[in-house]
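K.L.:
2 protein chains.
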Amino acid sequence: MRQATAIIPGFRFAGISAGIKKSSANDLALIFSETPAVTAGVFTTNKIKAAPVKLALKHIASQKGQAIIVNSGNANACTGNRGIKDAKDTIDSLAKELGISPALVYASSTGVIGRPLPIEKIKKAIPELVGSLSPSSLQQVASAIMTTDTFAKLSSRKIRIGGKTGTIAGIAKGAGMICPNMATMLCFIMTDIAIKPQALGSALKDAVQRSFNRIRIDNDMSTNDTAMVMANGLLKNAPITKNSPLYRKFANALDEVTHELSKMIVQDGEGATKLVEIVVKGAGTEGDAEKVARAVADSMLVKTAIYGMDPNWGRIIAATGYSGAKVDENKLDIYLDKIKLVSRGTGTGKEAIARKLLANKDITITINLRSGTKSAKVLTCDLTEKYIEINAHYTT
Amino acid sequence: MRQATAIIPGFRFAGISAGIKKSSANDLALIFSETPAVTAGVFTTNKIKAAPVKLALKHIASQKGQAIIVNSGNANACTGNRGIKDAKDTIDSLAKELGISPALVYASSTGVIGRPLPIEKIKKAIPELVGSLSPSSLQQVASAIMTTDTFAKLSSRKIRIGGKTGTIAGIAKGAGMICPNMATMLCFIMTDIAIKPQALGSALKDAVQRSFNRIRIDNDMSTNDTAMVMANGLLKNAPITKNSPLYRKFANALDEVTHELSKMIVQDGEGATKLVEIVVKGAGTEGDAEKVARAVADSMLVKTAIYGMDPNWGRIIAATGYSGAKVDENKLDIYLDKIKLVSRGTGTGKEAIARKLLANKDITITINLRSGTKSAKVLTCDLTEKYIEINAHYTT
Numbered sequence: 015m016r017q018a019t020a021i022i023p024g025f026r027f028a029g030i031s032a033g034i035k036k037s038s039a040n041d042l043a044l045i046f047s048e049t050p051a052v053t054a055g056v057f058t059t060n061k062i063k064a065a066p067v068k069l070a071l072k073h074i075a076s077q078k079g080q081a082i083i084v085n086s087g088n089a090n091a092c093t094g095n096r097g098i099k100d101a102k103d104t105i106d107s108l109a110k111e112l113g114i115s116p117a118l119v120y121a122s123s124t125g126v127i128g129r130p131l132p133i134e135k136i137k138k139a140i141p142e143l144v145g146s147l148s149p150s151s152l153q154q155v156a157s158a159i160m161t162t163d164t165f166a167k168l169s170s171r172k173i174r175i176g177g178k179t180g181t182i183a184g185i186a187k188g189a190g191m192i193c194p195n196m197a198t199m200l201c202f203i204m205t206d207i208a209i210k211p212q213a214l215g216s217a218l219k220d221a222v223q224r225s226f227n228r229i230r231i232d233n234d235m236s237t238n239d240t241a242m243v244m245a246n247g248l249l250k251n252a253p254i255t256k257n258s259p260l261y262r263k264f265a266n267a268l269d270e271v272t273h274e275l276s277k278m279i280v281q282d283g284e285g286a287t288k289l290v291e292i293v294v295k296g297a298g299t300e301g302d303a304e305k306v307a308r309a310v311a312d313s314m315l316v317k318t319a320i321y322g323m324d325p326n327w328g329r330i331i332a333a334t335g336y337s338g339a340k341v342d343e344n345k346l347d348i349y350l351d352k353i354k355l356v357s358r359g360t361g362t363g364k365e366a367i368a369r370k371l372l373a374n375k376d377i378t379i380t381i382n383l384r385s386g387t388k389s390a391k392v393l394t395c396d397l398t399e400k401y402i403e404i405n406a407h408y409t410t
Numbered sequence: 015m016r017q018a019t020a021i022i023p024g025f026r027f028a029g030i031s032a033g034i035k036k037s038s039a040n041d042l043a044l045i046f047s048e049t050p051a052v053t054a055g056v057f058t059t060n061k062i063k064a065a066p067v068k069l070a071l072k073h074i075a076s077q078k079g080q081a082i083i084v085n086s087g088n089a090n091a092c093t094g095n096r097g098i099k100d101a102k103d104t105i106d107s108l109a110k111e112l113g114i115s116p117a118l119v120y121a122s123s124t125g126v127i128g129r130p131l132p133i134e135k136i137k138k139a140i141p142e143l144v145g146s147l148s149p150s151s152l153q154q155v156a157s158a159i160m161t162t163d164t165f166a167k168l169s170s171r172k173i174r175i176g177g178k179t180g181t182i183a184g185i186a187k188g189a190g191m192i193c194p195n196m197a198t199m200l201c202f203i204m205t206d207i208a209i210k211p212q213a214l215g216s217a218l219k220d221a222v223q224r225s226f227n228r229i230r231i232d233n234d235m236s237t238n239d240t241a242m243v244m245a246n247g248l249l250k251n252a253p254i255t256k257n258s259p260l261y262r263k264f265a266n267a268l269d270e271v272t273h274e275l276s277k278m279i280v281q282d283g284e285g286a287t288k289l290v291e292i293v294v295k296g297a298g299t300e301g302d303a304e305k306v307a308r309a310v311a312d313s314m315l316v317k318t319a320i321y322g323m324d325p326n327w328g329r330i331i332a333a334t335g336y337s338g339a340k341v342d343e344n345k346l347d348i349y350l351d352k353i354k355l356v357s358r359g360t361g362t363g364k365e366a367i368a369r370k371l372l373a374n375k376d377i378t379i380t381i382n383l384r385s386g387t388k389s390a391k392v393l394t395c396d397l398t399e400k401y402i403e404i405n406a407h408y409t410t
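So the sequences go chain by chain: A and B.
According to our numbering, the first sequence is numbered sequentially starting from 15.
According to our numbering, the second sequence is numbered sequentially starting from 15.
Quick look at the structure:
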């Protein structure tokens with residue numbers, strides 16, 4: 015559910031305009047936990063990392079956090095020593111204003127790469143930011159971190175833990191085509207459920223693997239990608255461990271939140287009109303299944319055909335063939351939703367029915383290699399003129 | 015040079031309309047050598063191969079050929095046993111009409127995948143095709159093999175071999191974005207220079223590696239990609255061997271022809287307005303240099319920024335970072351033509367000058383990793399709304 019009013023006990027939120035974006039849109043956000051929270055994070059694997067990511071990688075070693083300050087409009091990446099200093103200044107200023115240790119503060123940035131962070135604007139805005147904190151302002155955070163996103167992305171779940179009801183709520187931003195060129199993906203999740211650091215880290219890593227990593231190729235991360243979760247334990251349940259029976263319940267709820275957010279990110283892909291799930295079955299290895307799913311999902315020819323409502327399965331089969339996976343043309347079946355377009359490598363002539371299905375907003379392409387038992391799924395979207403329009407003029 | 019009137023002694027050409035394309039454009043072409051020619055070919059590495067490619071792979075074992083029949087409008091790929099039968103029928107009908115052995119005939123197809131070849135139309139057109147053969151009709155062949163190409167691609171060179179002047183002339187078709195999703199690339203080269211099969215094969219393989227393989231990623235070949243060369247030896251020079259001093263001269267001229275054709279293919283990339291060369295220097299290994307060049311060349315964000323004349327080096331550096339190559343952010347320099355945009359990982363503030371340079375049609379992006387001595391080059395083009403328009407409605 016896109017829930018605009020999630021309340022997570024002990025967390026407060028704020029989103030304001032600090033004048034970083036040229037527009038007057040909100041561009042500075044704060045997530046604050048009243049008590050230090052168990053904190054886990056997954057960060058970009060890009061060799062070039064933004065300054066705030068470099069600092070977060072140090073802070074996260076403590077497995078603790080209490081505040082996350084996020085700006086949009088500037089990525090603070092490729093900004094050299096000044097970038098590091100600016101990120102530290104942001105953290106120190108916020109920590110001072112909140113009266114907490116800078117070690118418990120994380121900064122996160124998204125926007126244009128290579129321009130100095132307007133640090134004076136940020137420092138000047140921090141008192142107002144802290145003054146605006148409210149338990150019901152998660153929506154404002156989700157909005158303030160947007161770049162070319164067209165809607166704020168929120169998801170939450172409630173689960174019963176030892177007779178009490180705990181909340182897991184998350185927000186995210188995406189945009190960009192996701193595949194193959196990821197604009198910055200940011201995701202922040204909050205919960206009042208008590209959980210041990212190791213269990214929280216493990217649940218986050220798995221959830222990211224099954225959600226955000228399904229909507230892009232590993233190597234295609236931006237310099238700023240971040241997924242973080244803070245668990246403040248205010249539910250006062252016995253802290254969940256990896257071996258506790260409740261771990262699976264917690265992990266499943268976290269999975270649902272990250273899955274829903276990742277789906278929203280694809281739905282909001284720049285210029286996208288359709289959400290496309292690529293399902294590969296019958297592969298000899300999981301690696302082969304993933305190769306095929308990613309090659310098809312990344313194919314600009316497949317993406318444009320779907321936009322044009324053109325059941326051009328030739329482009330799907332060509333991408334399957336060049337994916338690098340072991341493929342036997344004479345065994346291959348391809349489905350568009352339930353319609354079998356290709357049987358054992360040749361067309362079934364059902365293009366007319368398929369064309370009608372392509373009018374839908376949600377489309378599933380299934381490729382059965384019939385060469386084994388392994389499978390993989392990737393989410394992608396169509397490619398439209400609007401994507402070009404948005405990205406041809408982004409920094410100007 | 016785009017030479018429309020290349021004459022290669024002993025070769026005749028024809029291009030006519032057989033009614034395969036919906037438009038009345040020419041769609042059937044013939045290359046014929048009056049005598050059997052030494053023949054070499056490089057074919058798609060896609061696991062899914064078109065029927066004519068499967069047959070060509072058998073015929074090429076003889077290292078001989080005398081005729082190549084090419085149709086556009088239908089790829090004869092993923093057409094099962096019928097596709098093989100249709101390709102054989104095409105070859106047999108043509109061989110009969112020409113009065114030569116079917117083993118010396120090659121078929122080649124380009125167009126939509128998965129539709130049966132209109133074999134009756136082709137067979138019916140063969141007498142007219144053969145009747146139209148003329149030494150001066152190479153241009154007609156180049157036109158008849160076009161799909162979404164906007165201009166016919168020809169290139170030729172003359173070289174002195176043992177006191178005589180030999181000719182190497184080639185035609186090609188491309189279109190598609192080339193990277194990362196290749197539409198079918200076909201290239202046919204003819205020469206009257208006598209050369210041994212092994213030397214011809216080696217020269218072709220190297221030429222393709224340095225030209226057509228520079229404009230795409232290996233795995234991204236279509237089901238039909240083909241580059242063939244026929245040498246009929248009518249110049250009567252002592253046949254060139256790999257060890258002969260003239261081998262380098264021949265290979266260089268062949269390189270020039272394939273390089274020129276590959277450049278035309280990129281210039282004619284669907285909707286492209288700019289030709290972009292990505293040069294990577296200072297890499298620790300050649301593999302790393304190639305990874306960076308390809309990641310930058312394939313980046314839709316880089317391609318759209320160039321289209322929008324936006325010197326957004328952040329997208330270049332991000333692609334460099336996710337390329338998988340070993341990269342040290344603090345050493346990295348990036349140039350747009352001669353303008354240094356990034357020095358040791360941070361911006362130089364020269365965006366205004368760079369923006370002016372982006373008005374040019376030919377652009378070079380140089381990335382110096384400053385971590386070694388290896389380099390790589392890749393040619394690509396910008397990404398425009400026109401590409402989407404062309405590809406969203408291709409089969410309809």
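In this text, a Cβ means the ideal position worked out from N, Cα and C, and glycines have one as well.
Along the region 121 to 150 of chain B, what residues have a CB closer than 8 Å to any CB found in chain A?
P.N.:
For the region 121 to 150 of chain B, which is checked against every Cβ of chain A, the residues closer than 8 Å are Val126, Ile127, Gly128 and Arg129.
K.L.:
How is methionine 314 of chain A classed by DSSP in three states: helix, strand or coil?
P.N.:
To locate residue 314 of chain A, count along the first sequence from 1; it is residue 300. Helix.
K.L.:
Using three-state DSSP, classify valine 155 of chain A as helix, strand or coil.
P.N.:
What you label residue 155 of chain A is simply residue 141 of the first sequence in a count that begins at 1. Helix at valine 155 of chain A.
K.L.:
Roughly how many angstroms separate the alpha carbons of glycine 145 of chain A and leucine 200 of chain A, rounded to a whole number?
P.N.:
Start at 1 with the first residue of the first sequence, and residue 145 of chain A comes out as number 131. Start at 1 with the first residue of the first sequence, and residue 200 of chain A comes out as number 186. Cα-Cα distance, rounded: 24 Å.
K.L.:
Taking phenylalanine 25 of chain A as the reference, which of A:Arg171, A:Gly247, A:Glu274 and A:Asn238 has the closest Cα?
P.N.:
Counting from 1 along the first sequence, the entry for residue 25 of chain A is found at position 11. Comparing Cα positions, the closest option is A:Gly247.
K.L.:
Taking just the CA atoms, how far does isoleucine 207 of chain B sit from phenylalanine 46 of chain B?
P.N.:
Here residue 46 of chain B refers to the residue found at position 32 of the second sequence. Here residue 207 of chain B refers to the residue found at position 193 of the second sequence. Distance between the alpha carbons of phenylalanine 46 of chain B and isoleucine 207 of chain B: 16 Å.
K.L.:
Short of 9 Å Cβ to Cβ, which residues in the region 58 to 81 of chain B face chain A?
P.N.:
Listed by position along the chain: Thr58, Thr59, Asn60, Lys61, Ile62 and Lys63.
K.L.:
Strictly below 7 Å CB to CB, what residues from chain B border isoleucine 381 of chain A?
P.N.:
On the first sequence, residue 381 of chain A is found 367 positions in, with the first residue counted as 1. Simply none; closest approach about 12 Å.
K.L.:
Using a Cβ-Cβ distance cut-off of 8 Å, determine whether cysteine 92 of chain B contacts chain A.
P.N.:
Taking the first residue of the second sequence as position 1, residue 92 of chain B is located at position 78. True, the Cβ-Cβ gap to chain A drops below 8 Å.
K.L.:
In whole angstroms, what separates the C-alpha of alanine 217 of chain B from that of leucine 268 of chain B?
P.N.:
Position 203 of the second sequence, counted from the start, is the residue given in the question as residue 217 of chain B. Position 254 of the second sequence, counted from the start, is the residue given in the question as residue 268 of chain B. Answer to the nearest angstrom: the Cα atoms are 7 Å apart.
K.L.:
At the level of alpha carbons, what is the spacing between valine 119 of chain B and threonine 360 of chain A?
P.N.:
Against the second sequence, residue 119 of chain B aligns to sequence position 105. Against the first sequence, residue 360 of chain A aligns to sequence position 346. Answer to the nearest angstrom: the Cα atoms are 26 Å apart.
K.L.:
Closer than 9 Å by beta-carbon distance: list the chain B residues that pair up with threonine 161 of chain A, in chain order.
P.N.:
Residue 161 of chain A sits at position 147 when you count from the first residue of the first sequence. By Cβ distance, chain B contributes nothing, its closest Cβ being about 13 Å from threonine 161 of chain A, past 9 Å.
K.L.:
Are the C-beta of leucine 168 of chain B and some C-beta of chain A separated by less than 8 Å?
P.N.:
As a first step, residue 168 of chain B must be located in the second sequence, where it is residue number 154. Not closer than 8 Å to any Cβ of chain A, the Cβ of leucine 168 of chain B fails to qualify, so no.
K.L.:
Name the DSSP bridge partner or partners of phenylalanine 25 of chain A?
P.N.:
Locating residue 25 of chain A in the first sequence gives position 11, where the first residue counts as 1. In the DSSP output, where bridge partners are listed per residue, phenylalanine 25 of chain A has A:Ser47.
K.L.:
Look up aspartate 324 of chain B in the DSSP assignment and say whether it is helix, strand or coil.
P.N.:
Within the second sequence, residue 324 of chain B is the residue found at index 310, counting from 1. Coil, per DSSP.
K.L.:
Tell me which residues share the same chain as lysine 137 of chain A and place their Cβ nearer than 6 Å to its Cβ, disregarding the 5 neighbours each side in the sequence.
P.N.:
Here residue 137 of chain A refers to the residue found at position 123 of the first sequence. Closer than 6 Å at the Cβ level, and outside the excluded window around lysine 137 of chain A, lie Ser107.
K.L.:
Would you list, in chain order, the members of the region 326 to 349 of chain B that have their beta-carbon closer than 9 Å to a beta-carbon of chain A?
P.N.:
Here the close residues are Asn326, Trp327, Gly328, Arg329, Ile331, Ala332, Ala333, Thr334, Gly335, Tyr336, Ser337, Gly338, Ala339, Lys340, Val341, Asp342, Glu343, Asn344 and Leu346.
K.L.:
Starting from the beta carbon of serine 236 of chain A, find every residue of chain B whose beta carbon is closer than 7 Å, and list them in chain order.
P.N.:
Taking the first sequence and counting its residues from 1, the one referred to as residue 236 of chain A is at position 222. Under the 7 Å cutoff, chain B gives Ala332.
K.L.:
Taking only beta-carbon atoms, is isoleucine 367 of chain A less than 8 Å away from chain B?
P.N.:
One-based indexing of the first sequence puts residue 367 of chain A at position 353. Taking Cβ atoms only, chain B never reaches closer than 8 Å to isoleucine 367 of chain A, which makes this a no.
K.L.:
Please report whether the beta-carbon of glutamate 304 of chain A lies at a distance below 8 Å from any beta-carbon of chain B.
P.N.:
Within the first sequence, the letter at position 290 stands for residue 304 of chain A. No, glutamate 304 of chain A does not count as interfacial toward chain B.
K.L.:
Does isoleucine 402 of chain B come within less than 8 Å of chain A when only Cβ atoms are used?
P.N.:
Along the second sequence, one-based indexing puts residue 402 of chain B at 388. Taking Cβ atoms only, chain A reaches closer than 8 Å to isoleucine 402 of chain B, which makes this a yes.
K.L.:
Find out if the Cβ-Cβ distance for the pair tyrosine 261 of chain A, alanine 213 of chain A is shorter than 8 Å.
P.N.:
Here residue 261 of chain A refers to the residue found at position 247 of the first sequence. Here residue 213 of chain A refers to the residue found at position 199 of the first sequence. Yes, these two residues count as a Cβ contact at 8 Å.
K.L.:
Could one say the Cβ of alanine 319 of chain B lies closer than 8 Å to chain E's Cβ atoms, at least one of them?
P.N.:
Absent from the structure: chain E. Protein chains present are A and B.
K.L.:
Grab me the residues of threonine 164 of chain B's own chain with a C-beta within less than 7 Å of its C-beta, minus the 5 sequence neighbours each way, in chain order.
P.N.:
Residue 164 of chain B sits at position 150 when you count from the first residue of the second sequence. If we look at threonine 164 of chain B and ignore the five residues flanking it on each side, its Cβ neighbours are Asp282.
K.L.:
So, with DSSP's three-state summary, where would you put lysine 172 of chain A?
P.N.:
Here residue 172 of chain A corresponds to residue number 158 of the first sequence, with the count starting at 1. If DSSP states are grouped into helix, strand and coil, lysine 172 of chain A belongs with the strands.
K.L.:
Please check the pair alanine 101 of chain A and alanine 156 of chain A, which I expect to be a contact at CB under 8 Å, by giving their CB distance rounded to whole angstroms.
P.N.:
By 1-based counting over the first sequence, the position of residue 101 of chain A is 87. By 1-based counting over the first sequence, the position of residue 156 of chain A is 142. 22 Å between Cβ atoms; not a contact.
K.L.:
So the alpha helix (DSSP H) lysine 366 of chain A belongs to, where does it begin and stop?
P.N.:
For the purposes of this step, residue 366 of chain A is identified with residue 352 of the first sequence, where counting begins at 1. It should be pointed out that residue 366 of chain A corresponds to alanine in this sequence rather than to lysine. Here the alpha helix (DSSP H) through alanine 366 of chain A covers 365 to 371.
K.L.:
Roughly how many angstroms separate the alpha carbons of lysine 295 of chain A and serine 357 of chain A, rounded to a whole number?
P.N.:
To locate residue 295 of chain A, count along the first sequence from 1; it is residue 281. To locate residue 357 of chain A, count along the first sequence from 1; it is residue 343. Approximately 14 Å, taken between the alpha carbons.
K.L.:
Taking C-beta pairs closer than 7 Å, name the residues in chain B that glycine 359 of chain A reaches, listed in chain order.
P.N.:
Indexing the first sequence from 1 puts residue 359 of chain A at position 345. What glycine 359 of chain A touches in chain B: Cys92 and Gly94.
K.L.:
Please list the residues of the region 372 to 398 of chain B that have a C-beta atom closer than 8 Å to any C-beta atom in chain A, keeping them in chain order.
P.N.:
Taking 8 Å as the Cβ-Cβ cut-off against chain A, the residues of the region 372 to 398 of chain B that qualify are Leu397 and Thr398.
K.L.:
Enumerate in chain order the residues of its own chain whose CB-to-CB distance from methionine 329 of chain B is below 8 Å, with the five nearest sequence positions on each side excluded.
P.N.:
Within the second sequence, numbered from 1, the residue matching residue 329 of chain B stands at position 315. Per the sequence presented here, residue 329 of chain B reads as arginine, with methionine not at that position. Cβ within range, chain order: Ser313, Leu315, Val316 and Ala319.
K.L.:
Does the region 284 to 301 of chain A come within contact of the region 390 to 406 of chain A, defined as at least 3 CB pairs closer than 8 Å?
P.N.:
Yes, the region 284 to 301 of chain A touches the region 390 to 406 of chain A.
K.L.:
Going by DSSP, what residues sit across from phenylalanine 226 of chain B in a beta bridge?
P.N.:
Here the question's residue 226 of chain B lines up with position 212 in the second sequence. According to DSSP, phenylalanine 226 of chain B bridges with nothing at all.
K.L.:
Under 8 Å between C-beta atoms, does leucine 315 of chain B make it to chain A?
P.N.:
As a first step, residue 315 of chain B must be located in the second sequence, where it is residue number 301. Output row for leucine 315 of chain B: interface = yes.
K.L.:
Output the distance between the C-alpha atoms of asparagine 233 of chain A and phenylalanine 226 of chain A, rounded to the nearest integer angstrom.
P.N.:
As a first step, residue 233 of chain A is located in the first sequence; it is residue number 219 there, counting from the start. As a first step, residue 226 of chain A is located in the first sequence; it is residue number 212 there, counting from the start. In this prediction, asparagine 233 of chain A has a pLDDT of 40, which is less than 50 and means its spatial position is unreliable; what the coordinates show is noted afterwards. Rounded to whole angstroms, asparagine 233 of chain A to phenylalanine 226 of chain A spans 13 Å at the Cα level.
K.L.:
Output the distance between the C-alpha atoms of arginine 129 of chain A and leucine 71 of chain A, rounded to the nearest integer angstrom.
P.N.:
Counting from one through the first sequence, the residue named residue 129 of chain A turns up at place 115. Counting from one through the first sequence, the residue named residue 71 of chain A turns up at place 57. Going by the C-alpha atoms only, they are around 22 Å apart.
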